[in-house]
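Here the structure comes first, spelled out in C-alpha cells, and everything after it is commentary.
Numbering (our numbering), first residue to last: 501 to 660.
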C-alpha cells in the first residue's frame with residue numbers, strides 16, 4: 501500500500517486538513533503510514549477518548565478536569581455552609597420579605613379604620629399622638645422580627 505497524505509486522510513475520514521495535521525503533531529498519524537494504518541490509529545484514538553482514556557497531556561482535558569473538580573468543591577462548600585446555617589437561599593429570603601412587607605402594608609392601611617372613630621372624639625393631642633404612635637409601631641413590628649424567628653427560614657432553605 502502507498503503512503504497516505506494528510507489531505508487524503510482528512511478527506512477519507514471527513515475531517516479538516518488542519519485537524520489531520522494536529523493528529524500528526526499529536527503522534528496519532530505516524531509519518532510514512534498508509535491510509536489503513538492511520539485510520540486504525542485514528543479509530544483507536546476515538547475509542548480511547550470515548551472510554552475516557554484520552555491523553556493526560558491534552559491541555560483541554562486537563563483544564564476541563566480542573567474545572568469539574570473546582571465546581572464540585574464549590575458545590576460541596578455551598579451545601580456545607582447551608583447545613584451550618586451560614587447561608588440561606590435567595591428565594592426563601594424573597595418570599596419571607598414579600599410576606600412581611602404585605603403584612604406591614606395591610607397593617608398600615610387598617611390604621612384609619614381602627615382609630616378614626618376614637619380619634620374623632622378625642623380632644624387631647626397627647627392621646628391622639630400616643631394612639632397613632634402605638635398603631636404605627638404595631639403595624640411596623642412585622643418588619644423588625646427577631647433573628648430567632650428567622651431561624652426557621654434558614655433551616656427551611658437548607659432542606660430545599
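Backbone N, C-alpha and C define an ideal beta-carbon position, used for all residues, glycine too.
Within 10 Å of its beta-carbon, does residue i have 16 or more other beta-carbons around it, so buried, or fewer, so exposed?
i, result
"residue 530", "exposed"
"residue 578", "exposed"
"residue 523", "buried"
So, using beta-carbon positions, are residue i and residue j closer together than 7 Å?
i, j, result
"residue 590", "residue 581", "no"
"residue 518", "residue 506", "no"
"residue 504", "residue 538", "yes"
"residue 628", "residue 640", "no"
"residue 604", "residue 642", "yes"
"residue 630", "residue 615", "no"
"residue 635", "residue 611", "yes"
"residue 545", "residue 528", "yes"
Q: Could you pull out every unbroken beta strand (DSSP E) segment of at least 3 residues lying fully inside the region 513-577, listed in chain order?
A: Correct list: empty.
Q) Which ranges would you report for the beta strand (DSSP E) in the region 568-636 if only whole runs of at least 3 residues count? A) Within the region 568-636, no complete beta strand (DSSP E) run reaches 3 residues.
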